[in-house]
Structure formats: C-alpha cells, structure tokens
Amino acid sequence: MAATQEEIVAGLADIVNEIAGIPVEDVQLDKSFTDDLDVDSLSMVEVVVAAEERFDVKIPDDDVKNLKTVGDATDYILKHQG
Amino acid sequence: MSKIKTRKGAPYARILGVGGYRPTRVVPNEVILETIDSSDEWIRSRSGIETRHWANDEETVAAMSIEASGKAIADAGIRAEQIGAVVVSTVSHFSQTPAVATEIADKLGTNQAAAFDISAGCAGFGYALTLAKGMVVDGSAEYVLVIGVERLSDLTDLEDRTTAFLFGDGAGAVIVGPSEEPHIGPTVWGSEGDKSDTIKQTVPWNEFRLGDVSQLPLDGKGNVKFPAITQEGQAVFRWAVFEMAKVAQQALDAAGITPDDLDVFIPHQANVRIIDSMVKTLKLPEHVTVARDIRTTGNTSAASIPLAMERLLATGEAKSGDTALVIGFGAGLVYAATVVTLP
Ligand SMILES: CC(C)(COP(=O)(O)OP(=O)(O)OC[C@H]1O[C@@H](n2cnc3c(N)ncnc32)[C@H](O)[C@@H]1OP(=O)(O)O)[C@@H](O)C(=O)NCCC(=O)NCCS
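If you read the sequences in order, they're chains A and B. Sequential numbering from 1 applies to the first sequence in our numbering. Sequential numbering from 1001 applies to the second sequence in our numbering.
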C-alpha cells in the first residue's frame, strides 16, 4: 500500500525526531533539513536510510543531495515508493 | 594412501595481553586547517576528532610495532621466544618485500617465529585475530603476536578536505594464546568487492614508473602527488551505519551474547558519528562502555581496535575479563566482527 503525502510527512517527522531530536510538529513540507531541522549531511544519510526502510524506496547517494526540504523528500518518496 | 599425522593445539584461544604505541607528535585540528578550508567545529561535529598523532621519521611501522608488541608481551606475561607466529596487518608499510613482520619477529627476539603481513584495511585486526585463533587451536603456534599498525599520515592528501582531518598513525598489538575456555567468539566476516571503489588509493604504485606522469594528480606546486587514500564519504558512511550494525549483531548472536551480557563495545574508530549510530541501532544498554578513542587518535585503520582496547583498560573504563564486541570495516570493502574477553 503506497503511503499518502500526509503519511510520508508524519513518517519523516518521526524519523527526524528520532535522529535529530526535533519535535515532530516542526517537521513541515517547507522546512529545510539542514537550515531548519538541525539535520547535517551525515544525519541526512541516517534519515534517508530510515526512510528507505519505512517507505520501501531506494534513494541513491546521488539523489540525496537534491533533497533539501521535507517537501523534496516527500515528493521523491511519493514518486518512487514500491 | 599414507596417513598424515597432525598436531593438536589448545582447546580454545584467548587474548592474553595488549599494548599500544602512539607517536609523540600530537596534531590538533588547527594544523589541518592550514591546508584545507574547514573549521575545528566542522571537523569535531562530523567526525569527533580533536587531535591525532602523526609519526616522525624514527617512528617507522617497524619501530612502532616493536614498542606496542613489547608492551603486549609484558602484559601477557610471556617471553618473546614463546611466540610462534607474528601477523601484521598494515596498508602503510612501503617496502612491500620483505614483509615487515619478519623484522619485527627478529628484533623482538622470537625464535624464528613464522611472520607475515596481511592487507585487510580497517578490518585487519579482526582478520589477523581470526588467523591467530586458528593457529593456536590447530597447534601451529602456542602464542601468536597480532599487530595492527599504520602510518596513514604518509597516505593522506593534506589538500583533500574530505580526508585530511581523518587519519592518524599508531600501532596496537595483542598476544593470542591457549585457553581452556572459549574467550574469542566466532568471526563474522566477509568482503564486498563490488564496492572496491568507495575507499582506495588515488594512484596505484606502478603508474609511477610508466614514464608518463602527465595523467597523475599534481599538488599546488605542480609536483606529482604521492598516492593517498580517497573515499566516497557518504557511501562509506551509509554502508557503515546500515550494514555494519547488522554484522555486529550477527557476531553477538554467533557468540550467544545479548546486549545485556556485553560490557564493552570497541568498533573500528572511523568516525564518532558511525560509532554513535551503531550504538543506537544495536540498542546497547547504558552500562556498555563504548570506545571513542577516535577523538584523540583519529582513524588509524588496522591499529584502531587494539589501540582503543589498550586505552580503555589503561584508564580503567574497561577491565580484564570484560566481554567486548569488536568490529572492523573498511577498504575492500571488508569487515570482521567477533566477541572477545578482554585481557
Ligand atoms: C568524511 C566525512 C566526515 C565527510 O562528511 P560528509 O557529510 O559526507 O561530507 P560531504 O562531502 O558530503 O560534504 C557535506 C558538506 O560539508 C562541506 N565539507 C566537506 N568537507 C568539509 C570540511 N573538511 N570542512 C568543512 N566543510 C566541509 C561540503 O562542502 C558540503 O557542504 P554543502 O552541503 O554546503 O555543499 C564522512 O563522509 C565520513 O566520515 N564518512 C565515512 C568515512 C569513513 O569512515 N571512512 C573510513 C572507513 S574505514
């Protein structure tokens, strides 16, 4: 069952909360991982690995750097989820 | 067909002593910042590294190994003549022939111990330990000296901002010998050669003799650069935090040890962020002491686990008899994990 946009944002919020300790309500579509959510380039790798598992997607390293905001990641997952 | 006689060794093997050598020169992040555009804050937050040791001309691979081995031999309470084999893991001994292990075996005063080098990158300690265990149990040697030693400063491109701050020099050694009880668990190890490009030497040695240096990387002054270790940092990080936590768990399972039974976790000191992530994924309880020697040692590849082990025992953070999970991983890509009782 493919996840909806809402479910993906909620899932990412859980993941970011787990990895960077940011409150789930702060994780919104327009937020930048590095500038707003305290997720640096290495934490981002952890976020991606967790998201891959949760949403059954593959996010190659080369694509990771294009995922600047929660919205970017959500769109990517919507498009690529299995 | 004739019947071939065999030897029988000890029922089991264990680590009986550990020793380390850290070069005298301590290099703070400020020195790294002279050649790369970075900051102390960035280096600390992305790697955990505050200082590392770099060897001087006298602190050769052999000299550092001999120092570390002397301490391990004393710690084990044996004499050098009792050592039947010397296994050295290194990627930074530049005279490829002969193996540096033979010089070490001789200078330590062993009685013509078997001696050889292996190349297994940052997993080298686990690989050598596994060989040593086998030798003790099959009777090839009563005591085996295992050394992890690197002068990675010689293989560091100080102008490469993704690696200049990472590497350090040093030697760590252990004595593996006979035991009536099992004190080294099964090794979970392997290789993923399809990822051989993620950590490698910039230029193979033979390119230097082919005459045409125009293709070789140059430094700021136009001189041909010495080969260095280069890596795809993010890919290695992803592999380490995701795949290596699984391997560590398999080593615990193979030894029949739960996280609650564990006293100490000594992962290869590659990056404090990898260590922290593994601790989380493995759900290691609070009581487990975690080696974070990387802060003041940097990444010393094959030497990192025995160096961290020695420091934890020296500071009293870990004690003899503790149960420790060790895991090494790196260029190859290769990995090796096992559970040991600390000496
Ligand atoms: C080396 C390592 C710390 C680099 O971190 P990273 O987050 O992957 O670095 P990146 O190259 O992706 O760069 C991320 C950002 O930091 C910047 N950066 C890179 N190196 C920097 C440095 N030395 N100082 C300051 N900034 C740096 C980059 O320009 C980039 O900035 P941008 O996002 O604004 O473009 C990390 O990848 C790592 O440790 N990987 C594991 C390596 C390892 O353990 N190898 C040995 C295994 S045995």
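Heads up, the beta-carbon is just placed ideally off N, CA and C, and yes, glycines get one too. Note that this is a predicted model, so its numbers are computed, not measured.
Practice item. Express the C-alpha separation of residue 8 of chain A and residue 1279 of chain B in angstroms, rounding to a whole number. Key: 26 Å
**Study point:** Other residues of its chain near residue 1074 of chain B: CB distance less than 8 Å, five sequence neighbours each side excluded
**Key:** 1017 and 1019
Exercise for review: Taking residue 1235 of chain B as the query, report the chain A residues whose CB atoms sit under 7 Å from its CB, ordered along the chain.
Suggested key: 61
Check your understanding: To which residues does DSSP link residue 1054 of chain B through a beta bridge?
Key -> B/1025
Review point. Taking the Cβ atom as the reference point for each residue, do residue 1065 of chain B and residue 1091 of chain B lie within a distance shorter than 8 Å?
Key: no
Point to revise | Close Cβ partners of residue 1261 of chain B (< 8 Å) along its chain, the five nearest in sequence each way excluded | key: 1323
Review point. Tell me the DSSP bridge mates of residue 62 of chain A?
Key: Answer by DSSP bridge pairing: none, since residue 62 of chain A is not bridged.
Point to revise | Same chain, Cβ closer than 8 Å to residue 106 of chain A, neighbours up to 5 away in sequence not counted | key: The requested residue 106 of chain A is not part of the displayed model; chain A covers only 1 to 82.
Review point. At a Cβ threshold of 8 Å, is residue 42 of chain A touching chain B?
Key: yes
Practice item. Measure the alpha-carbon distance for residue 1338 of chain B versus residue 1252 of chain B and round it to whole angstroms. Key: 7 Å
Practice item. Excluding the 5 residues preceding and the 5 following residue 1032 of chain B in the sequence, name in chain order all residues of the same chain whose CB lies nearer than 8 Å to its CB. Key: 1038, 1043, 1158, 1164 and 1165
Practice item. State the Cα-Cα distance for the pair residue 1171 of chain B and residue 1244 of chain B, rounded to the nearest angstrom. Key: 24 Å
Point to revise | Chain-ordered neighbours of residue 1242 of chain B on chain A, where CB pairs are closer than 7 Å | key: 49
Review point. For residue 1285 of chain B, does the three-state DSSP call read helix, strand or coil?
Key: coil
Review point. How about residue 1165 of chain B: is its Cβ closer than 7 Å to a heavy atom in ligand 1?
Key: yes
Check your understanding: What are the boundary residues of the beta strand (DSSP E) that includes residue 1325 of chain B?
Key -> 1323 to 1330
Practice item. Express the C-alpha separation of residue 1189 of chain B and residue 1334 of chain B in angstroms, rounding to a whole number. Key: 8 Å
Point to revise | Distance between residue 1148 of chain B and residue 1022 of chain B (C-alpha atoms, nearest Å) | key: 12 Å
Practice item. Establish whether the CB of residue 1273 of chain B and some CB of chain A are separated by less than 8 Å. Key: yes
Practice item. Could you check how far apart the C-beta atoms of residue 989 of chain B and residue 1175 of chain B are, in whole angstroms? I think they sit under 8 Å. Key: In the structure as shown, chain B begins at 1001 and stops at 1343. Residue 989 of chain B is therefore absent and cannot be evaluated.
Review point. Can you name, in chain order, every residue of its own chain whose Cβ lies under 6 Å from the Cβ of residue 1264 of chain B, other than the five neighbours on each side?
Key: 1289, 1318, 1322 and 1324
**Study point:** Closest Cα partner of residue 1067 of chain B within the set B/1266, B/1010, B/1307 and B/1051
**Key:** B/1307
Review point. Does any CB atom of chain A fall closer than 8 Å to the CB of residue 1092 of chain B?
Key: no
Check your understanding: When the distance is taken between beta carbons, is residue 1327 of chain B closer than 8 Å to residue 1248 of chain B?
Key -> yes
Exercise for review: Quick one: grab the DSSP three-state call for residue 1060 of chain B.
Suggested key: coil
Practice item. Compute the distance between the beta-carbons of residue 1008 of chain B and residue 1124 of chain B, then report whether it is under 8 Å. Key: no
Exercise for review: Rounded to whole angstroms, what's the CA-CA distance from residue 1146 of chain B to residue 1105 of chain B? Just pull it up for me.
Suggested key: 11 Å
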